[in-house]
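Participant: One structure coming up, written as structure tokens, with questions to follow.
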Amino acid sequence: MGLRQKIGSVCRIFFGDPARTFGTMSVVLLVMLAIAPAKDYFSEWRGYQKQYLKLIRGRAEAVTLERRFEPGLQQIWIPEQGVTDRCTTCHLGLREASLANVSRQPFRPHPPMPHRLTEFGCVVCHRGQGGATTVEEAHSSTLAWEQPILPAKYLQASCGQCHLGALAGTPQLNLGRKLLARYGCVRCHSVHAPDGTTMQATDDPPSLAHIAQKTTREWMYAWIKNPQAYASTATMPNFGFSDADARDISAFLVAQSTAINLPAPTQAAPAAKQDPQAGASLYGESFCASCHAVQNAAGALVGGDLGPELTRIGSKAKPEWLEAWLRDPAAYDPDTKMPHYRFSEAQVALLVNFLGAKSDSDLLANVHLDAATSQQIAHGKQLVTEYGCASCHEIDGIKKPENFAPDLSRVGSRSLAQLVFAEGMPHTLPDYIAAKIRNPRAFGPGLKMPQFSFTPQQQDALTTALLALTDRAQTQPASLRVPALAESHYRPAGKAGHLMDDLRCFSCHAINGRGGDMAPDLSWEGSAVQRPWLVDFLKNPNTLRPALIRRMPRFNLTDAEIATLTDYMMTVYQDPAFNRDAAADSTPALVEQGRQLFYSKFACQSCHIADPQKDKGYIGPTLAQVGSRLTPAWVFHYLKDPQGMRPGTLEPNQNLSDADARALTAFLMSLKGKPVQEAKKR
Amino acid sequence: MRRLTIFAALLFLAAGCSRSRPAAPALQPTGWGTAITEASGGKQAAGVGMLLDQPVVVQVNDAQGSGVTGAAVTMQGPAGVRFDPASGLTDSSGQFTTSVSLGGVAGRYQITAWTADKSGKRVELKLEEIALGYQEGLGQQFNRQYCSRCHDPESTPERVSNYDNLTTKPHAFTEGDTLNKMSEADLTAIISHGGPALGKSPEMPSFGYTLSKSEIQALVAYVRAVSDPPYQTAGVVYAQK
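If you read the protein sequences in the order shown, they are chains A and B. Throughout, my numbering is defined as the position within the first sequence, counted from one, plus 131. Throughout, my numbering is defined as the position within the second sequence, counted from one, plus 599.
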């Protein structure tokens, strides 16, 4: 029997007459109708709900849990955020704290979090596809949906969609944002925050307009080849330039460099005889290490990171430039963070000698550069333009390029179709961003993004900060945004303002929201301290916090300069909330009561030293002379509300009664220490 | 026939798309030890999914207790834990260093480092690392800011400890033997109102007016998360009907 006949006979069985056709069609129709409910009945989520019921039945709190269980598809719907999350259909224990010991997913309770589930749903933080009802579609990247679940290590990125400033709970995000600014990422890539502000770089790439005065072409060559070979902490990335490229770029920069007048010696040259240790001790006394690091014999970096590392400075800086720089840094670089120390010529010579000896003979040992040809210079210019050097550095004859690298304002939502993945890497956005930061040149030859030397933690932090820049962040209702603190452009006025700029007070101190965080905030300093103390401190800054490494340097100020600064600070930096000059009660009985409170009730001596013979605590400032330093009104108000007077201080608010605060103030004001020199006549 | 062709084409496509991953080259050990010990990196706490601050360093020793060079070390851990690298040979001092990132769920992670001795017998070392959830991580921040100056006796040049200056020595937050016995309410009380609240030293100041309730809760959660031995929740007690 042929195939055709076989089919024919089967057809006859089912469709032989109208009754058979009707019957067959009915059965087919019935089956088709049954498909939909069957699919629903056998769906994945029903399986999970059954498992959940089985799980809770065996537990002591079964009755409560069963009462709170709602069968069927669950949904969190928040229209203004575009959230339609069905995750709670399977994640049934999210709000059940009593399931704390359940480790099986999808039934674990959600760990404590800062927001309520009903306020934000799930995908705002975790991403993924909220509307999906299968495990695969909800969690993984599918054809229809590009955002898979965000790996836990980058979860803080989601906080950054609304919280545009630093947050206590998101150290990784805060670090990432800081690094974006600190390493100058935002000089080539622009990042526009959802609130309309543009992220600003906080690094300090030097101008190259007069570079030939500062250093040799040989050093430039070595630096361009590999900045980290000169200083492990260098922020400039490695562009992987060839020998010839480095030769030509250095030739171009030297050719382009113009001369400026640098400060000449102000006094006669000092006597040649020098104590070999004097340079080192002057470096120490001037607290250069508060900002600059130097590698010690063990290879560890000692010092701050506000200024460049000085381990091999002798191989870089020309001695005559270094002299001029120490005389007045702003003459060479008006934007430097380095203060204008008023060094004497003898001190300048000591420091130049000391720093000049910090050289590395290996660094430039094999660098021999012939005189540059015009061809090399032209090629150098081409490279400088191509690689966007002027995005960071000021270079004569090269314009700062605009939009040099891709805009990153929405990089956290970039479509995968727009990305070119490197060989063998997972096709997800977090992996792509992390790989770009780790090794940008792995994505193919001819790419311009240079190689940074980030630690794995820094790479993760940067990836987190970039993943926060999503479409959702840009488009969500403005009412959800928590903006960053507005940048302050505060400038002190007049002669004192000029002096404070010259001394670069804002590199370390903050006033009215502007400035560094290395040293105390001075916004209310005029209310806090007594004038004679301030005069004495500016003359000879002695530390108040023995446990601190970073300290205020001595600037060798004249009496007139000190008077100008003191007058301004005492007058302007006053807290209007209280009268600084208010006298405080001080009877022997009150002082004694304060002493009792200090030592017994509040045990202040665990962190402060009131009596240098007896007390040992050194977390807070020494109080042995506090009666000569602070005003009683300040002490009283500070004791009542430390964080209110100095935001971020470690001193806990002890909720003192007025009587206790008065007694403590009386005791503290009785601690005069050694008599402070009266200010000289103005 | 046509179906067969399509099927074959699909198979062919599938074979082309799935890249055959080369298996990691087998380690060729040049040394064999009899013991494996922790050099550093155990008992660290980091946020969920994140890299531990310090790498984990283990050392393979011979019978005399000195380091063995070139011994193969393999790291293993529960789901979600990643090692970079996951296996390798010990260096000239007998040590193997790997950076570890923890899984996405808060809690304790037991990781295993093992090496084979000459006869091929497996020698193991078990280490414990702690992944902190949001709340515990927040607590860790406050610990660093307000508590560790006194509660952590370890001094570094950047963060000098005040531990030695105190008459009554504070407990390190890892001291489970002491702290696990304290109830949540007691911990909250001593943080909020200071030592005298529980009849202890006033050298412990009150933070109830400096930190908010939820911040203190976060600190308690952190203390519970890092305690050693681990803190066991008392559990919920229900009245029997």
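Glycine included, every Cβ here is placed at the ideal spot set by N, Cα and C. On a predicted model such as this, the values are computed, not experimentally measured, just so you know.
Hey, which unbroken runs of the alpha helix (DSSP H) at 4 residues or more fall wholly within the segment 228-298 of chain A?
Facilitator: Within the segment 228-298 of chain A, the complete alpha helix (DSSP H) runs of at least 4 residues are 248-251, 254-257, 266-270 and 287-290.
Participant: State the CB to CB distance for the pair residue 723/B and residue 701/B, rounded to an integer number of angstroms; the pair is presumed to be in contact (CB under 8 Å).
Facilitator: Residue numbering aside, residue 723/B sits at position 124 when the second sequence is read from its first letter. Residue numbering aside, residue 701/B sits at position 102 when the second sequence is read from its first letter. Not really, about 20 Å apart at Cβ, beyond 8 Å.
Participant: For residue 675/B, which residues from the same chain have a beta carbon less than 6 Å from its beta carbon, with the 5 sequence-adjacent residues on both sides left out?
Facilitator: Residue mapping note: residue 675/B aligns to position 76 of the second sequence, counting from 1. Closer than 6 Å at Cβ, skipping near neighbours: 711.
Participant: In three-state terms, what does DSSP make of residue 622/B?
Facilitator: Along the second sequence, one-based indexing puts residue 622/B at 23. Low confidence applies to residue 622/B: its pLDDT is 47, below 50, so where it sits in the model is not reliable, and the reading given next is rough at best. The answer is coil: DSSP assigns residue 622/B none of H, G, I, E or B.
Participant: Only counting the same chain, and skipping five residues up and downstream in sequence, which positions put a Cβ closer than 7 Å to that of residue 816/A?
Facilitator: Here chain A has residues from 132 to 813 only, and residue 816/A is not among them.
Participant: Would you call the segment 242-251 of chain A in contact with the segment 730-739 of chain B, where contact means no fewer than 3 C-beta pairs closer than 8 Å?
Facilitator: These segments touch.
Participant: In chain A, which residues lie with their C-beta within 7 Å of the C-beta of residue 705/B?
Facilitator: On the second sequence, residue 705/B is found 106 positions in, with the first residue counted as 1. Residues of chain A passing the Cβ test: 242.
Participant: In three-state terms, what does DSSP make of residue 673/B?
Facilitator: As a working mapping, residue 673/B is identified with position 74 in the second sequence. Strand.
Participant: Does residue 587/B get closer than 8 Å to chain A when you measure Cβ to Cβ?
Facilitator: Since the first and last residues shown for chain B are 600 and 840, residue 587/B lies out of range.
Participant: For a test of the three-state rule: what should DSSP assign to residue 806/B, helix, strand or coil?
Facilitator: Against the second sequence, residue 806/B aligns to sequence position 207. Residue 806/B falls in the coil class under three-state DSSP.
Participant: Residue 268/A to residue 151/A, Cα distance in whole Å?
Facilitator: As a working mapping, residue 268/A is identified with position 137 in the first sequence. As a working mapping, residue 151/A is identified with position 20 in the first sequence. Roughly 43 Å between the two C-alpha positions.
Participant: Leaving aside the five residues before and after residue 410/A along the sequence, list all residues of the same chain whose C-beta is less than 7 Å from its C-beta, in chain order.
Facilitator: What you label residue 410/A is simply residue 279 of the first sequence in a count that begins at 1. Excluding residues within five positions, the ones whose Cβ falls inside 7 Å are 481, 482, 484 and 485.
Participant: If I follow the unbroken alpha helix (DSSP H) through residue 414/A, where does it start and stop?
Facilitator: On the first sequence, residue 414/A is found 283 positions in, with the first residue counted as 1. Where residue 414/A is concerned, the enclosing alpha helix (DSSP H) stretches over 409-416.
Participant: Grouping DSSP H, G and I as helix and E and B as strand, with all else coil, what is residue 838/B?
Facilitator: Numbered from 1 along the second sequence, position 239 holds the residue referred to as residue 838/B. Per-residue confidence for residue 838/B stands at a pLDDT of 42, beneath the threshold of 50, marking its modelled position as unreliable; the derived number appears in the next sentence. Note: residue 838/B maps to coil in three-state DSSP.
Participant: Leaving out five residues before and five after residue 749/B in sequence, what residues of the same chain have Cβ atoms less than 7 Å from its Cβ?
Facilitator: Within the second sequence, the letter at position 150 stands for residue 749/B. So the qualifying residues of the chain are 761, 762, 765 and 769.
Participant: Under 7 Å, CB to CB, which of the residues in the segment 674-702 of chain B have a partner in chain A?
Facilitator: From the segment 674-702 of chain B, only 698 and 700 have a Cβ closer than 7 Å to chain A.
Participant: Do you know how far the Cα of residue 731/B is from the Cα of residue 830/B?
Facilitator: The count along the second sequence starts at 1 and reaches residue 830/B at position 231. The count along the second sequence starts at 1 and reaches residue 731/B at position 132. Taking the straight line joining both Cα atoms gives about 14 Å.
Participant: Between the segment 637-656 of chain B and chain A, which residues of the former have a C-beta closer than 8 Å to a C-beta of the latter?
Facilitator: Listed by position along the chain: 646, 647, 648, 649, 650 and 652.
Participant: Any C-beta of chain B within less than 8 Å: which residues of the segment 730-745 of chain A qualify?
Facilitator: Listed by position, the residues of the segment 730-745 of chain A near chain B (Cβ gap below 8 Å) are 731, 732, 733, 734, 737 and 738.
Participant: Output, in sequence order along the chain, the residues in the segment 316-338 of chain A whose CB is closer than 8 Å to any CB in chain B.
Facilitator: For the segment 316-338 of chain A, which is checked against every Cβ of chain B, not one residue is closer than 8 Å.
Participant: Taking C-beta to C-beta, are residue 298/A and residue 595/A nearer than 8 Å?
Facilitator: To locate residue 298/A, count along the first sequence from 1; it is residue 167. To locate residue 595/A, count along the first sequence from 1; it is residue 464. For residue 298/A and residue 595/A, no; Cβs fall outside 8 Å.
Participant: Just how far apart, CA to CA, sit residue 209/A and residue 179/A?
Facilitator: Taking the first sequence and counting its residues from 1, the one referred to as residue 209/A is at position 78. Taking the first sequence and counting its residues from 1, the one referred to as residue 179/A is at position 48. If you take the alpha carbons of residue 209/A and residue 179/A, they lie about 25 Å apart.
Participant: Report yes if the CB atom of residue 599/A is closer than 8 Å to the CB atom of residue 288/A, and no otherwise.
Facilitator: For the purposes of this step, residue 599/A is taken as residue 468 along the first sequence, with counting starting at 1. For the purposes of this step, residue 288/A is taken as residue 157 along the first sequence, with counting starting at 1. In contact: residue 599/A and residue 288/A (Cβ atoms closer than 8 Å).
Participant: Hey, is residue 821/B's beta-carbon within less than 8 Å of any beta-carbon in chain A?
Facilitator: The sequence position of residue 821/B within the second sequence is 222, counting from 1. It does not; no Cβ of chain A falls within 8 Å.
Participant: Considering residue 434/A, what are the terminal residues of the beta strand (DSSP E) in which it resides?
Facilitator: By 1-based counting over the first sequence, the position of residue 434/A is 303. Counting along the chain, the beta strand (DSSP E) containing residue 434/A begins and ends at 432-434.
Participant: Rounding to the nearest angstrom, what Cα-Cα distance links residue 320/A and residue 535/A in this structure?
Facilitator: Translated into positions along the first sequence, residue 320/A becomes position 189. Translated into positions along the first sequence, residue 535/A becomes position 404. Between residue 320/A and residue 535/A, the C-alpha separation is close to 7 Å.
Participant: Given this structure, state the Cα-to-Cα distance separating residue 593/A from residue 260/A, to the nearest angstrom.
Facilitator: Position 462 of the first sequence, counting from 1, holds the residue named residue 593/A. Position 129 of the first sequence, counting from 1, holds the residue named residue 260/A. Approximately 25 Å between the Cα atoms of the pair.
Participant: Bridge partners of residue 730/A, per DSSP?
Facilitator: Locating residue 730/A in the first sequence gives position 599, where the first residue counts as 1. None; residue 730/A has no bridge partner.
Participant: Helix, strand or coil for residue 157/A, going by three-state DSSP, please let me know.
Facilitator: Translated into the one-based positions of the first sequence, residue 157/A becomes position 26. Helix.
Participant: Just verifying my parser: in three-state terms, what is the DSSP assignment at residue 708/B?
Facilitator: The residue given as residue 708/B occupies position 109 in the second sequence. Note: residue 708/B maps to strand in three-state DSSP.
Participant: Among 828/B, 658/B, 772/B and 644/B, which residue has its Cα nearest to the Cα of residue 713/B?
Facilitator: Within the second sequence, numbered from 1, the residue matching residue 713/B stands at position 114. Of the listed residues, the one whose Cα sits closest to residue 713/B is 658/B.
Participant: Going by the beta-carbon positions, is the gap between residue 257/A and residue 281/A smaller than 8 Å?
Facilitator: As a working mapping, residue 257/A is identified with position 126 in the first sequence. As a working mapping, residue 281/A is identified with position 150 in the first sequence. Taking 8 Å as the Cβ cut-off, residue 257/A and residue 281/A qualify as a contacting pair.
Participant: Taking the straight line between their C-alpha atoms, what separation do you get for residue 531/A and residue 360/A?
Facilitator: Taking the first residue of the first sequence as position 1, residue 531/A is located at position 400. Taking the first residue of the first sequence as position 1, residue 360/A is located at position 229. Cα to Cα, the separation comes out at about 27 Å.
Participant: Tell whether a beta-carbon distance below 8 Å holds between residue 689/B and residue 654/B.
Facilitator: On the second sequence, residue 689/B is found 90 positions in, with the first residue counted as 1. On the second sequence, residue 654/B is found 55 positions in, with the first residue counted as 1. Contact: no.
Participant: Decide if residue 809/B is buried, meaning its Cβ has at least 16 other Cβ atoms within 10 Å, or exposed.
Facilitator: In the second sequence, counting from the first residue as 1, residue 809/B sits at position 210. Per the 10 Å Cβ criterion, buried.
Participant: Quick one, are the C-beta atoms of residue 349/A and residue 514/A less than 8 Å apart?
Facilitator: Position 218 of the first sequence, counted from the start, is the residue given in the question as residue 349/A. Position 383 of the first sequence, counted from the start, is the residue given in the question as residue 514/A. Going by C-beta atoms, residue 349/A is not nearer than 8 Å to residue 514/A.
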